[in-house]
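Residue numbers (the UniProt record's numbering), protein chains in the order written: chain A, 1 to 368; chain B, 1 to 368; chain C, 1 to 368.
Scroll down for the structure; my scribbles are underneath it.
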Amino acid sequence: MVTTASPQQKEHDIFAAMAPHDAGSFANNRTPLIRNCWYAAGRASEICRTPLARKFLGVDVVLYRTENGDPVAMRNRCPHRSFPLARGKLVGDRLVCGYHGMEFGSDGVCAHMPALPHVPATASVKTFPIVDRGPLTWIWMGSPDLADEALIPDTFWLSDPAWGTVSGDFHIKSDYVAMHENLIDQTHFPFLHPDTVGTPEYARSKLTASTENNQVVIRRELRNAPPPGVYGKPANIMHKLVDRTSEARFVSPALHTAYARVSVVDPDPGEPSLYRYNITHVFTPETNDSIHYWWFNSRDYLPGDAAIDRFMLEAHTQAYSEDVEALEWINEVVRTDGEEQFDLSFAPDKPGLMARRVMYRLAMAEQG
Amino acid sequence: MVTTASPQQKEHDIFAAMAPHDAGSFANNRTPLIRNCWYAAGRASEICRTPLARKFLGVDVVLYRTENGDPVAMRNRCPHRSFPLARGKLVGDRLVCGYHGMEFGSDGVCAHMPALPHVPATASVKTFPIVDRGPLTWIWMGSPDLADEALIPDTFWLSDPAWGTVSGDFHIKSDYVAMHENLIDQTHFPFLHPDTVGTPEYARSKLTASTENNQVVIRRELRNAPPPGVYGKPANIMHKLVDRTSEARFVSPALHTAYARVSVVDPDPGEPSLYRYNITHVFTPETNDSIHYWWFNSRDYLPGDAAIDRFMLEAHTQAYSEDVEALEWINEVVRTDGEEQFDLSFAPDKPGLMARRVMYRLAMAEQG
Amino acid sequence: MVTTASPQQKEHDIFAAMAPHDAGSFANNRTPLIRNCWYAAGRASEICRTPLARKFLGVDVVLYRTENGDPVAMRNRCPHRSFPLARGKLVGDRLVCGYHGMEFGSDGVCAHMPALPHVPATASVKTFPIVDRGPLTWIWMGSPDLADEALIPDTFWLSDPAWGTVSGDFHIKSDYVAMHENLIDQTHFPFLHPDTVGTPEYARSKLTASTENNQVVIRRELRNAPPPGVYGKPANIMHKLVDRTSEARFVSPALHTAYARVSVVDPDPGEPSLYRYNITHVFTPETNDSIHYWWFNSRDYLPGDAAIDRFMLEAHTQAYSEDVEALEWINEVVRTDGEEQFDLSFAPDKPGLMARRVMYRLAMAEQG
Numbered sequence: 001m002v003t004t005a006s007p008q009q010k011e012h013d014i015f016a017a018m019a020p021h022d023a024g025s026f027a028n029n030r031t032p033l034i035r036n037c038w039y040a041a042g043r044a045s046e047i048c049r050t051p052l053a054r055k056f057l058g059v060d061v062v063l064y065r066t067e068n069g070d071p072v073a074m075r076n077r078c079p080h081r082s083f084p085l086a087r088g089k090l091v092g093d094r095l096v097c098g099y100h101g102m103e104f105g106s107d108g109v110c111a112h113m114p115a116l117p118h119v120p121a122t123a124s125v126k127t128f129p130i131v132d133r134g135p136l137t138w139i140w141m142g143s144p145d146l147a148d149e150a151l152i153p154d155t156f157w158l159s160d161p162a163w164g165t166v167s168g169d170f171h172i173k174s175d176y177v178a179m180h181e182n183l184i185d186q187t188h189f190p191f192l193h194p195d196t197v198g199t200p201e202y203a204r205s206k207l208t209a210s211t212e213n214n215q216v217v218i219r220r221e222l223r224n225a226p227p228p229g230v231y232g233k234p235a236n237i238m239h240k241l242v243d244r245t246s247e248a249r250f251v252s253p254a255l256h257t258a259y260a261r262v263s264v265v266d267p268d269p270g271e272p273s274l275y276r277y278n279i280t281h282v283f284t285p286e287t288n289d290s291i292h293y294w295w296f297n298s299r300d301y302l303p304g305d306a307a308i309d310r311f312m313l314e315a316h317t318q319a320y321s322e323d324v325e326a327l328e329w330i331n332e333v334v335r336t337d338g339e340e341q342f343d344l345s346f347a348p349d350k351p352g353l354m355a356r357r358v359m360y361r362l363a364m365a366e367q368g
Numbered sequence: 001m002v003t004t005a006s007p008q009q010k011e012h013d014i015f016a017a018m019a020p021h022d023a024g025s026f027a028n029n030r031t032p033l034i035r036n037c038w039y040a041a042g043r044a045s046e047i048c049r050t051p052l053a054r055k056f057l058g059v060d061v062v063l064y065r066t067e068n069g070d071p072v073a074m075r076n077r078c079p080h081r082s083f084p085l086a087r088g089k090l091v092g093d094r095l096v097c098g099y100h101g102m103e104f105g106s107d108g109v110c111a112h113m114p115a116l117p118h119v120p121a122t123a124s125v126k127t128f129p130i131v132d133r134g135p136l137t138w139i140w141m142g143s144p145d146l147a148d149e150a151l152i153p154d155t156f157w158l159s160d161p162a163w164g165t166v167s168g169d170f171h172i173k174s175d176y177v178a179m180h181e182n183l184i185d186q187t188h189f190p191f192l193h194p195d196t197v198g199t200p201e202y203a204r205s206k207l208t209a210s211t212e213n214n215q216v217v218i219r220r221e222l223r224n225a226p227p228p229g230v231y232g233k234p235a236n237i238m239h240k241l242v243d244r245t246s247e248a249r250f251v252s253p254a255l256h257t258a259y260a261r262v263s264v265v266d267p268d269p270g271e272p273s274l275y276r277y278n279i280t281h282v283f284t285p286e287t288n289d290s291i292h293y294w295w296f297n298s299r300d301y302l303p304g305d306a307a308i309d310r311f312m313l314e315a316h317t318q319a320y321s322e323d324v325e326a327l328e329w330i331n332e333v334v335r336t337d338g339e340e341q342f343d344l345s346f347a348p349d350k351p352g353l354m355a356r357r358v359m360y361r362l363a364m365a366e367q368g
Numbered sequence: 001m002v003t004t005a006s007p008q009q010k011e012h013d014i015f016a017a018m019a020p021h022d023a024g025s026f027a028n029n030r031t032p033l034i035r036n037c038w039y040a041a042g043r044a045s046e047i048c049r050t051p052l053a054r055k056f057l058g059v060d061v062v063l064y065r066t067e068n069g070d071p072v073a074m075r076n077r078c079p080h081r082s083f084p085l086a087r088g089k090l091v092g093d094r095l096v097c098g099y100h101g102m103e104f105g106s107d108g109v110c111a112h113m114p115a116l117p118h119v120p121a122t123a124s125v126k127t128f129p130i131v132d133r134g135p136l137t138w139i140w141m142g143s144p145d146l147a148d149e150a151l152i153p154d155t156f157w158l159s160d161p162a163w164g165t166v167s168g169d170f171h172i173k174s175d176y177v178a179m180h181e182n183l184i185d186q187t188h189f190p191f192l193h194p195d196t197v198g199t200p201e202y203a204r205s206k207l208t209a210s211t212e213n214n215q216v217v218i219r220r221e222l223r224n225a226p227p228p229g230v231y232g233k234p235a236n237i238m239h240k241l242v243d244r245t246s247e248a249r250f251v252s253p254a255l256h257t258a259y260a261r262v263s264v265v266d267p268d269p270g271e272p273s274l275y276r277y278n279i280t281h282v283f284t285p286e287t288n289d290s291i292h293y294w295w296f297n298s299r300d301y302l303p304g305d306a307a308i309d310r311f312m313l314e315a316h317t318q319a320y321s322e323d324v325e326a327l328e329w330i331n332e333v334v335r336t337d338g339e340e341q342f343d344l345s346f347a348p349d350k351p352g353l354m355a356r357r358v359m360y361r362l363a364m365a366e367q368g
């Protein structure tokens, strides 16, 4: 399905789609979390020889690395008396419980219980598939037999030395559905981010939206417009007009990627005519209303330039802080306001609703 | 109904009234909040050109003023994606959502949605009737068609230059029923407020209590007694005996007024023989167990006297702090003590029970 | 029943005992609190002429002493309007409510209500049996007719001048069942307390366990081993080998006692050959997941030695802090981890399971 957004017509489409018989077909903050998905467990560098406790999808997990560097994830809870294993210590590749000294190998199976002369046959900790990919480590909290590593989304640019990347992270009190909708929606840029990515022209630019293989993609083009500061300043092209192509993609419940391609209409001699930016939003629901979030902003030029790095880090930290604040404010309203809760949707919300529809189907399929 | 409190007899009356078949006829902290009532939204001066978020009866509300000074109240929640509108900004008389720029007029109707070429017909925010009266602004959270401004209670003395008024406010973790009962009850004065309004004689003075048009009034008289410090010191009559008449009135779920008339039995030549005090307790349930509270203490003499103002402010801040503390302690007990909760009532509780009975009837009538 | 722990065999016994049909026969953090039991209300010195509020088994209680020194316990809640009586004041032996001045005798019966000409016949506060025993005061929260003082456990050494005692206390966010299991279990010593009571040999020493009259006792012996620092250092016998006998006893839901008898195999001339230590763990559930805890460590030598006192206080404060931390970590896991909760048990857990079985039976008998 590919649609060109003629807003007047689309609004009516959306209202039709949201007729009472369809009211429940979009995920929201009460939809069960989707489990069969590779989620980021953290930065690869966070997972090391000191056990790290982190909650994913409501489950307490402990993360560490074996001596040869493989990441390990298991429930952060000794099956004997519920002691959090992250409070124990690593001895070789075994995680030793701090309460009674039970030792668990990286496969979660008990390898030694000091107070017993033999290893208790039934004692093991549930482990989770976990895989490094560049700067991130991915975990699978769903059915282990479905944990196909080929499903880990490709984010090659995060490891490519030709790209310069800045990065940050947040812990957010919000539900991840609202965050996906925020990320795929660009009509809020001029209002929530007036000083960074938002320009007035941008809110009215054309878009196409499509769903394909449970991904939702929207593309926008804007011709002969001044560049937004966040892309124009680091490239030193604020005095130029540019053509701008952007894509925002709901890749999976765990990942939203975006790119921007900025073409200088009239480049100066010897200067590049194209600047590419890839943005990677990686996030994992901690619970139904809290999120672990890591973001990456990558560019295909001057990868080692510290001044550009500093500018990009500051500008994006500001923009994403604005999103985080908005999501937390909304979450607070939705959870504490005593009046009836509902949302009105309009044509520009179609991409978000398409993503929420995918999430709803995935969640319901797991419940079935 | 007018009753003279003959305690012995009244106690039995009350016990009869509280027999099992009548156990539920007095409002308490689990009774639904009464909505068809003018409540204070705040001081008129608090409501200005910076949007103000405040919760009333469990509902998030945003308050602001139009350019010509009219107060506006609407749900603090954009109907599109639940963004709290108080986090947006005012442009002229329109409140602009900080997320996608939707603009709402003071009637709550959407006047502009930037991402759409037209105004979406269905988009509006629920507004609430709101009216200025002297130093206070009143809001109606119930059925709009019942919001008759003539029902706003008269508190003329708060605006009359012949009266000197001091004022303060509290946010209280308590239910408003317990607060009404506290205010109409004067038998606690000698115990909770021994240093201010309470005198030992006062607890035993005669009272009459009546219910009329959903108001409950109690009157007390005390003759030839020393004045309490809070009334005697500012009037400089502590060395005198006085006759004291006081009234406490449950005016509505939103308002309790009281007055004291202090007559000097033997006034010095050239000195007044009568001193009048009006006390205005304005409060609005934020939720079932929290309250917005504004109090005013007015006197009909020396309205500009800074020393008297300072004395009255200090003395009443202390007395009301004692009430607030007691109400919060009680609320904590009622909500966390694991044993069975119940109240015994006695004859002196009759005025409070009369007010609680009115509140119960009003609440039940709304539940229909 | 007396069993010698042959771990291989016992493990199977335990698994059999925990087959599905028996899954619910061990108390855990969801088992109703046991009420028919003498619990510590506090140190006798804490209960004085200033009313003290404390919650036991979910019930708010106020504690004070009469003028002749008898302890009094009653609900911390005036039956009139739920004011917490501990916020009132003592006048003679009567507790006077801070709200309306109702006065309650030490029998909980209202003796005076200032606003009434007579004492209201129905007004009284529920009292609880309460008794001093040495440094502790014990309270009975269950059926008053079962409150036999002969059931208060004997802890004579706490009052015997021949014994030197150090003591401390904690407020713990944990359930008391897990705490009992922690105290009766000694296999965690080498792991949770490696620097104090734990020695590697100790985890493998033989034990006998028995249940008798709803008490569970385990005994261990260890011969010809170096003493642990906590017992060897104060006695100045770290260079010696010792025989060590220890007992841990689940005395009641309110009390765990332990003793250690340390015999020097080859005492120096003129030095004692036996050192005795009694440990008294007194604790009372505040709620289902919080505990009031007082501990006492007593020795039968050099009772006035300040240096030994200091050493014992520091060493045991450290050890018990480690237990408290572990219990709070476990409680946090059990209450917030979203995955299925269960425990695996092994042969060395038998003593703890025996105690949990006793607690389960006691709790169920009260529910019956």
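Each residue gets a CB set at the ideal place from its N, CA and C atoms; glycine is no exception.
Residue pairing for residue 168(A): DSSP places it in a beta bridge opposite 295(A). Collapsing the DSSP output to three states places residue 118(A) in coil. Interface flag for residue 72(C) against chain B is unset, since no Cβ pair is found closer than 8 Å. Within the region 283-296 of chain A, no residue places its CB atom closer than 8 Å to a CB of chain B. Not a single C-beta of chain A is nearer than 8 Å to the C-beta of residue 216(C). In its own chain, leaving out the 5 sequence neighbours on each side, no residue places its CB closer than 6 Å to the CB of residue 50(C). For residue 212(A), the enclosing beta strand (DSSP E) stretches over residues 206-212.
Given a length threshold of 3 residues, each whole run of the beta strand (DSSP E) inside the region 246-310 of chain B is given here in chain order: 255-264, 274-287, 290-299.
Closest option to residue 351(B), judged by alpha-carbon separation, among 286(B), 115(B), 182(B): 182(B). With respect to chain A, the C-beta atom of residue 245(B) has no partner C-beta closer than 8 Å. The C-beta of residue 175(A) comes no closer than 8 Å to any C-beta of chain B. Distance between residue 161(B) and residue 134(B), taken at the CA atoms: about 12 Å.
If you draw a 10 Å sphere on the C-beta of residue 175(C), you find 16 or more other C-beta atoms in it, and that means buried. Counting only runs of 3 or more residues that sit fully inside the UniProt domain "Rieske" (38-139) of chain B, the beta strand (DSSP E) segments are 38-43, 52-56, 59-65, 71-75, 89-91, 94-96, 110-112, 130-133, in chain order. Listed along the chain, the chain A residues whose CB falls inside 7 Å of the CB of residue 339(C) are 59, 75. The C-alpha of residue 38(C) is placed about 39 Å away from the C-alpha of residue 238(C). If you look at residue 339(A), you'll find it isn't in any beta strand (DSSP E); DSSP assigns it neither H nor E. By the neighbour-count criterion, in which a residue is buried when 16 or more other Cβ atoms sit within 10 angstroms of its Cβ, residue 252(B) is buried. Taking a cut-off of 8 Å on C-beta distances, the region 112-123 of chain B does not touch the region 148-168 of chain B, as fewer than three cross pairs fall below it. Beta-bridge analysis with DSSP links residue 215(A) to 212(A).
Annotation: residue 210(B) to residue 339(B) spans about 35 Å, alpha carbon to alpha carbon. DSSP places residue 244(A) within a strand segment (E or B) once states are collapsed to three. For the region 310-341 of chain C, the set of residues with a beta-carbon nearer than 8 Å to any beta-carbon of chain A comprises 326, 329, 330, 332, 333, 334, 336, 337, 338, 339, 341, in chain order.
Straight-line measurement puts the Cα of residue 137(B) at about 57 Å from the Cα of residue 322(C). Note: residue 366(B) is not bridge-paired with any residue in the DSSP secondary-structure output. For residue 184(B), the uninterrupted alpha helix (DSSP H) run begins and ends at 176-184, by DSSP. With a cutoff of 8 Å on beta-carbon distance, residue 302(B) and residue 164(B) are scored as near each other. Under the Cβ criterion of 8 Å, residue 346(B) is counted among the residues facing chain C. Contact between the region 254-274 of chain C and the region 286-295 of chain C is not established, with fewer than three Cβ pairs separated by less than 8 Å.
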